[in-house]
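Below you'll find the structure, written out as structure tokens, and then a few comments.
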């Protein structure tokens, strides 16, 4: 259950899931992150807009420290390790997202959620919206220019 949650939650800037966030913010897989970096990422999903590390780095860092402090209070972390972790420098190393169609990915995520909780709209409306959506998107087989 926790694995499914960690692989689906939003970490701001188009990163869905802990692995995507790790790759985007630190350019390395989660297995190579330090405990401080993991705690930093864990701070984001509570409010991805407010704890967006690209726009509100200090707020994200403060939340990381608060979360680690709560772990000490609950006996999940020793005080000495806490002090070491909050002193750790967090250096973002952004990678360019591989996702060429983030709007499509967001749409698919929503459709998957709807499979569990179908929308309360008519089938005809869903078909009309899907038809409009498909017509406005560039077909995936057309190569995109690499220049921006």
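Residue numbers (the numbering used here): 33 to 180.
The beta-carbon is built from N, C-alpha and C at its ideal position, and this holds for glycine as well.
| Check | Outcome |
| --- | --- |
| Span separating the alpha-carbon of residue 65 from that of residue 122 | 11 Å |
| Strand pairing of residue 57, partner residues [DSSP] | Answer by DSSP bridge pairing: none, since residue 57 is not bridged. |
| For residue 37, three-class secondary structure by DSSP | helix |
| Residue 76: CB within 7 Å of a non-hydrogen atom of the ligand MN | The ligand MN is not part of this structure, which contains no ligands at all. |
| Per DSSP, the bridge partner or partners of residue 114 | Note: residue 114 sits in no beta bridge, so no partner. |
| Closest Cα partner of residue 75 within the set 59, 52 and 43 | 43 |
| Cβ neighbour criterion (16 or more within 10 Å) applied to residue 33 | exposed |
| The region 45-52 contacting the region 90-97, beta-carbon criterion three pairs below 8 Å | no |
| Span of the alpha helix (DSSP H) around residue 91 | 89-105 |
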